[in-house]
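Working notes, structure below.
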Amino acid sequence: MSLIELSFEENGRVLRGIAAPTPSATPYGNDLLRIENFSVRLPGRHGPIHAVRGISLSVRVGECLGIVGESGCGKSTLCSAVLSLLPDNAQIEGQIHFNGLDVQRLSSEKLARLRGREIAMIFQDPMGSLNPVRRVGTQIADKLMVHKGLSRTTALAEAVRLLDLVRMPAARGRLNDYPHELSGGMCQRTMIAMALSCQPKLLIADEPTTALDVTIQAQILTLLSDLRRELGMAIILVSHDLGVIAQTSDRIAVMYSGEIVEEAATETVLDRPRHPYTRGLIDASPDINRVADTLVTIPGSVASLSEAPVGCAFEPRCQAAQHKCRKVAPHRTTTSSGAVIACHFPLGMSE
Amino acid sequence: MSARFLIVRTLRALLTLILVVTFVFLMLRLAGDPIKMLLPEDTPASVVEQYRARWGMDAPIYVQYIRYVASVLHGDFGMSFRDGRPALQAVTERIPATLTLGFAGLAVALLVGLPAGIAAAVMRNSIVDRSVISFAVVGHSVPTFFFGILLIMLFSMSLRWLPSSGSATWAHLVMPALTIGLWNAATLARFTRASMLDVLSQAYMKTVLANGLPSSWRILRYALPNAAIPIVTMLGLIVGQLLSGAVIVETVFAWPGIGRLTVTAVAGREVAVVQTIVFLSALAMVMANLLVDLIYGWLDPRIGSKTGGMSR
Amino acid sequence: MNPASLLTVTAVSRSFASARGLFGPKARMIKAVDDVTFSIGRKETLALVGESGSGKSTTGRIALGLMKPTSGTVHYENEDLFKLGGAAWRQSRRNMQMIFQDSAGALDPRMPVGAQIEEVLSVYGLAGGKSARHNRVVDALDRVGLGGASIEHRLPRELSGGQRQRIAIARALAMQAKLIVCDEPVSALDVSVQAQIVNLLMEMQQVFGLSYLFISHDLRVVRHISHRVAVMYLGRIVEIASTADIFKNPHHPYTQALLAAVPTTRRHHPSAGPLLGGELQDPASASSGCRFQGRCPFSRDICRWVEPALVEVGQGRQVACHLAVRADTEGGGRA
Ligand SMILES: Nc1ncnc2c1ncn2[C@@H]1O[C@H](COP(=O)(O)OP(=O)(O)O)[C@@H](O)[C@H]1O
Ligand SMILES: Nc1ncnc2c1ncn2[C@@H]1O[C@H](COP(=O)(O)OP(=O)(O)O)[C@@H](O)[C@H]1O
Ligand code: SF4
Ligand SMILES: [Mg+2]
Ligand SMILES: [Mg+2]
Numbered sequence: 005m006s007l008i009e010l011s012f013e014e015n016g017r018v019l020r021g022i023a024a025p026t027p028s029a030t031p032y033g034n035d036l037l038r039i040e041n042f043s044v045r046l047p048g049r050h051g052p053i054h055a056v057r058g059i060s061l062s063v064r065v066g067e068c069l070g071i072v073g074e075s076g077c078g079k080s081t082l083c084s085a086v087l088s089l090l091p092d093n094a095q096i097e098g099q100i101h102f103n104g105l106d107v108q109r110l111s112s113e114k115l116a117r118l119r120g121r122e123i124a125m126i127f128q129d130p131m132g133s134l135n136p137v138r139r140v141g142t143q144i145a146d147k148l149m150v151h152k153g154l155s156r157t158t159a160l161a162e163a164v165r166l167l168d169l170v171r172m173p174a175a176r177g178r179l180n181d182y183p184h185e186l187s188g189g190m191c192q193r194t195m196i197a198m199a200l201s202c203q204p205k206l207l208i209a210d211e212p213t214t215a216l217d218v219t220i221q222a223q224i225l226t227l228l229s230d231l232r233r234e235l236g237m238a239i240i241l242v243s244h245d246l247g248v249i250a251q252t253s254d255r256i257a258v259m260y261s262g263e264i265v266e267e268a269a270t271e272t273v274l275d276r277p278r279h280p281y282t283r284g285l286i287d288a289s290p291d292i293n294r295v296a297d298t299l300v301t302i303p304g305s306v307a308s309l310s311e312a313p314v315g316c317a318f319e320p321r322c323q324a325a326q327h328k329c330r331k332v333a334p335h336r337t338t339t340s341s342g343a344v345i346a347c348h349f350p351l352g353m354s355e
Numbered sequence: 003m004s005a006r007f008l009i010v011r012t013l014r015a016l017l018t019l020i021l022v023v024t025f026v027f028l029m030l031r032l033a034g035d036p037i038k039m040l041l042p043e044d045t046p047a048s049v050v051e052q053y054r055a056r057w058g059m060d061a062p063i064y065v066q067y068i069r070y071v072a073s074v075l076h077g078d079f080g081m082s083f084r085d086g087r088p089a090l091q092a093v094t095e096r097i098p099a100t101l102t103l104g105f106a107g108l109a110v111a112l113l114v115g116l117p118a119g120i121a122a123a124v125m126r127n128s129i130v131d132r133s134v135i136s137f138a139v140v141g142h143s144v145p146t147f148f149f150g151i152l153l154i155m156l157f158s159m160s161l162r163w164l165p166s167s168g169s170a171t172w173a174h175l176v177m178p179a180l181t182i183g184l185w186n187a188a189t190l191a192r193f194t195r196a197s198m199l200d201v202l203s204q205a206y207m208k209t210v211l212a213n214g215l216p217s218s219w220r221i222l223r224y225a226l227p228n229a230a231i232p233i234v235t236m237l238g239l240i241v242g243q244l245l246s247g248a249v250i251v252e253t254v255f256a257w258p259g260i261g262r263l264t265v266t267a268v269a270g271r272e273v274a275v276v277q278t279i280v281f282l283s284a285l286a287m288v289m290a291n292l293l294v295d296l297i298y299g300w301l302d303p304r305i306g307s308k309t310g311g312m313s314r
Numbered sequence: 010m011n012p013a014s015l016l017t018v019t020a021v022s023r024s025f026a027s028a029r030g031l032f033g034p035k036a037r038m039i040k041a042v043d044d045v046t047f048s049i050g051r052k053e054t055l056a057l058v059g060e061s062g063s064g065k066s067t068t069g070r071i072a073l074g075l076m077k078p079t080s081g082t083v084h085y086e087n088e089d090l091f092k093l094g095g096a097a098w099r100q101s102r103r104n105m106q107m108i109f110q111d112s113a114g115a116l117d118p119r120m121p122v123g124a125q126i127e128e129v130l131s132v133y134g135l136a137g138g139k140s141a142r143h144n145r146v147v148d149a150l151d152r153v154g155l156g157g158a159s160i161e162h163r164l165p166r167e168l169s170g171g172q173r174q175r176i177a178i179a180r181a182l183a184m185q186a187k188l189i190v191c192d193e194p195v196s197a198l199d200v201s202v203q204a205q206i207v208n209l210l211m212e213m214q215q216v217f218g219l220s221y222l223f224i225s226h227d228l229r230v231v232r233h234i235s236h237r238v239a240v241m242y243l244g245r246i247v248e249i250a251s252t253a254d255i256f257k258n259p260h261h262p263y264t265q266a267l268l269a270a271v272p273t274t275r276r277h278h279p280s281a282g283p284l285l286g287g288e289l290q291d292p293a294s295a296s297s298g299c300r301f302q303g304r305c306p307f308s309r310d311i312c313r314w315v316e317p318a319l320v321e322v323g324q325g326r327q328v329a330c331h332l333a334v335r336a337d338t339e340g341g342g343r344a
């Protein structure tokens, strides 16, 4: 066989025995996850950091939602909130509902069940996310034993199947390896195998490829897309790289300074961005298929999250800004096509 | 853990022992003429010379050194002047008492210190945490003799529950073991807490939370094995110390261990006995450290593994 | 050696002993850089791309004379860098500067950034008196968009990542560098800031006629900034060509795979090739034959046994692949 991975025969082989959950209606129609007017304040050295500012967002069954934004804009904080993983000293407002359950009001058993079986999460640093003194097979098996009540032997056998599913080379032989014996890409595959072990309905991938080399990144992104199709789970894919998001997501939410400034179908966002920040982000990202003499830049640097501005947070860097932007914070508006935008003067609107 | 790791560690332990022997030898020569120190000041010169020859002290220094090493290898540390018995025998007969007290103290330290440190870290900033921190600070700053005397006043003099000195029965063991154990427990608790806090803040612990594993698994199977790595180093030091005898506690409770022998031997200028104790203490320390290294290699698969980690 | 070029690196190799000692198996030598040859012209940007561990940084350090190669030579302005003595060495040292991914590591954390640049200037005896030095620093800071009095008095940690990269560029400018080795200079920056720095580097090249050895793993930035591209795999250059050639018509299977793996906002980009399987290899695992053979989708029998040489396949274009040489004559290869 050629070394091109992910051929379809292989998919067919490794998939036996896993039935894709049928997308069934949830109490919110098609919305699996619904975040409403959610805010998070974290204590910082110089006063509280308003890391998430009144975000509303929903994820449908089986969909891939991409969240893109520069570092420190609150992406990871938002992800952690969905699994109720924020530090105890975080001040939270607003609600997160998953499948009709209020995530913040769950008893600890229900929360453990939610974390184990319903929503899974993978992180930016795959090597650091695995316990260095526990064998990778054991780490996967532990989750299966707790949430599926399997015996250790069965759980380990299941772990092999999962590692196969995520195309881990020589899966069986890897069970007894420690994380430091695996490459970064293999660690991320292990994390994905662990994430998938209890057939979650939602996978949150927080910068899953940022620490990986480009060819390995492509492997992991392809794997995630394939698994989503095969298993019918929804994915929230977080990245600072618009290219990564664009390739994988159905819908894109653009975050700036703790807020979602624009949200629409991928094509819409890329082809007809309405928010000046989105436009700037697209123009500033060099693209392999587009050569320009100079890259368009966004002047200034990312706003500090400590003080919430009176007006629009992007105003100091925005070229379309007018007087109103400094005085009044723009509200999110939903267009007829379902796109969401928070800007007083969206691009492409002839007034 | 590779064989190479074992060999290197063992060689290192041996090297340490050789250094200790050499050091003891040099200290003994540098401390002054041992003959003059031992004999009464008005001993005639001819008698001094006689003793010097008898104990081989008239040979060149390197010969003395070689003889010294050879005799140490044979377990011959010289005679105790007091009772004319071999020094080694005088010391070894005290070992059981010291071991008993040492391990009882260690057990107390582990049973109190580890759980306290773990609980404090897991319940950070709670009442439990603050109590443990207070215990650790107070426990470490109160001198052991003071604590020992407090115990004697309470349990022997007021309550009359426990004997205050000697080693005849198990009841004699309680107070000295508590004194040593609690003092070390304070150190251990503080250390365990810090180590656990560090581990709990690592990225892989977030994975465990996100996977919804029960807290008992999270703490005992995921956090503790990582936190144990530095704790074991600490324990190695504690064990080494306990094995060399606790001078103060043994004195306070009249416990017939090596610690008390040290005091009498130093007071009586029993050079042979003192150097035996120094050597055996060093041996205990080295063995404890070797043990730590081995446990280390067993706890942490990254240590001494064949692949030092793959490049990404 | 090309007399017209500013820097010529000829047949440079560098081995490291892998960290083993005492009783282990005999220390293995890792060839981090293996027989690398390239040159950089005046006002030219040569990009060095490849995955982590491919030897890019090592090559960069050798090119600057910061590290001795195991074998091979580096000529700067036709002088052998490792045979220069005293004054000439100092001269070339200040004409060649380096910018790192994280400039914080290259700056003294306790000294205001302006003073640091002045200090380096005085160490090299540049710009005469104190006020002349200060003027030059102010000038350089102005050039990189950090004008205004306050920045020069700040400590490195009081600056953002983008500002620190600007400081690094300003320092190179103040030293009147002619060649700057940029080792992943924008990899740690946010996109909007990254674009600012890329533009600044390009602008400074225009104004001061700088040459760059631009080390990066991000082909999108490379396409934008460089004139020529050298692709490294496990210590070797496997393809070197003009930027246009590399991106329009990559010859080496590894270059093709790298390009195919680049995430793009255009969903179906024309150059999409096969996705590369397998894991990253490290130089210690190199075996006989082509070192890309284990991951190569086109590998043939010959690839297992014969190491392909870097051969000229067109105007200023070299490839080290048994098949690419043939494909080129067939007109355009796989694409
Ligand atoms: N545990 C924490 N305590 C205090 N501040 C935090 C904590 N985690 C993140 N922050 C701050 O919150 C902001 C948002 O961080 P994060 O959500 O990690 O952003 P992103 O993932 O988009 O890079 C940053 O300013 C960061 O410094
Ligand atoms: N000082 C060093 N000692 C030992 N090995 C080194 C040293 N520097 C680099 N290497 C090894 O050389 C190889 C190439 O490293 P490097 O030049 O940093 O690659 P890149 O910059 O492309 O990631 C790697 O395998 C690395 O481990
Ligand atoms: S020489 Fe062979 S193995 Fe190497 S890149 Fe070319 S085709 Fe692939
Ligand atoms: Mg993040
Ligand atoms: Mg590098």
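Chains as they are written, first to last, in our numbering: chain Z, 5 to 355; chain D, 3 to 314; chain C, 10 to 344. We treat Cβ as the ideally placed atom computed from N, Cα and C, and that holds for glycine.
Just mark residue i as buried or exposed, buried being the case when its beta carbon has 16 or more other beta carbons within 10 Å.
{"i": "residue 252 of chain D", "result": "buried"}
{"i": "residue 253 of chain C", "result": "exposed"}
{"i": "residue 132 of chain C", "result": "exposed"}
{"i": "residue 162 of chain C", "result": "exposed"}
{"i": "residue 30 of chain C", "result": "For residue 30 of chain C, the predicted structure reports a pLDDT of 45, less than 50, and the residue's modelled location is therefore unreliable. The matter cannot be settled from this model."}
Ligand 1 and residue i: does any heavy atom of the ligand fall closer than 8 Å to the residue's C-beta?
{"i": "residue 267 of chain Z", "result": "no"}
{"i": "residue 53 of chain Z", "result": "yes"}
Report the option in the options whose CA atom is closest to the CA atom of residue i.
{"i": "residue 276 of chain Z", "options": "Z/48, Z/335, Z/263, Z/344", "result": "Z/344"}
{"i": "residue 228 of chain Z", "options": "Z/133, Z/300, Z/82, Z/171", "result": "Z/171"}
{"i": "residue 16 of chain D", "options": "D/135, D/290, D/107", "result": "D/290"}
{"i": "residue 234 of chain D", "options": "D/178, D/141, D/294", "result": "D/294"}
{"i": "residue 231 of chain D", "options": "D/196, D/60, D/63, D/142", "result": "D/196"}
{"i": "residue 310 of chain C", "options": "C/325, C/321, C/331", "result": "C/331"}
Got a sec: does ligand 2 put a non-hydrogen atom nearer than 8 Å to the Cβ of residue i?
{"i": "residue 25 of chain C", "result": "yes"}
{"i": "residue 65 of chain C", "result": "yes"}
Could you check the C-alpha separation between residue i and residue j for me, to the nearest Å?
{"i": "residue 2 of chain D", "j": "residue 49 of chain D", "result": "This structure gives no information on residue 2 of chain D, because the portion of chain D shown stretches from 3 to 314."}
{"i": "residue 226 of chain C", "j": "residue 236 of chain C", "result": "16 Å"}
{"i": "residue 191 of chain D", "j": "residue 328 of chain Z", "result": "59 Å"}
{"i": "residue 55 of chain Z", "j": "residue 206 of chain D", "result": "23 Å"}
{"i": "residue 342 of chain C", "j": "residue 218 of chain C", "result": "Unreliable placement is indicated for residue 342 of chain C, whose pLDDT of 42 sits below 50; no coordinate value is reported for it."}
{"i": "residue 105 of chain Z", "j": "residue 154 of chain Z", "result": "26 Å"}
{"i": "residue 15 of chain C", "j": "residue 297 of chain D", "result": "57 Å"}
{"i": "residue 326 of chain Z", "j": "residue 221 of chain D", "result": "55 Å"}
{"i": "residue 304 of chain C", "j": "residue 219 of chain Z", "result": "11 Å"}
{"i": "residue 79 of chain D", "j": "residue 250 of chain D", "result": "25 Å"}
{"i": "residue 233 of chain C", "j": "residue 295 of chain Z", "result": "6 Å"}
Using 8 Å as the cut-off, classify the Cβ of residue i as near or not near the heavy atoms of ligand 4, replying yes or no.
{"i": "residue 192 of chain Z", "result": "no"}
{"i": "residue 242 of chain Z", "result": "yes"}
Is there at least one non-hydrogen atom of ligand 6 closer than 8 Å to the beta-carbon of residue i?
{"i": "residue 89 of chain C", "result": "With respect to ligand 6, the structure shown offers nothing to examine, as its ligands consist of ligand 1, ligand 2, ligand 3, ligand 4 and ligand 5."}
Is the closest heavy atom of ligand 5 to the C-beta of residue i under 8 Å?
{"i": "residue 260 of chain D", "result": "no"}
- For the segment 232 to 247 of chain Z, enumerate the residues whose C-beta is nearer than 8 Å to any C-beta of chain C, in chain order. 244, 245, 246, 247
- Query: Which residues, in order along the segment 158 to 174 of chain C, keep a beta-carbon less than 9 Å from a beta-carbon of chain Z?
  - Reply: 169, 170, 171, 172
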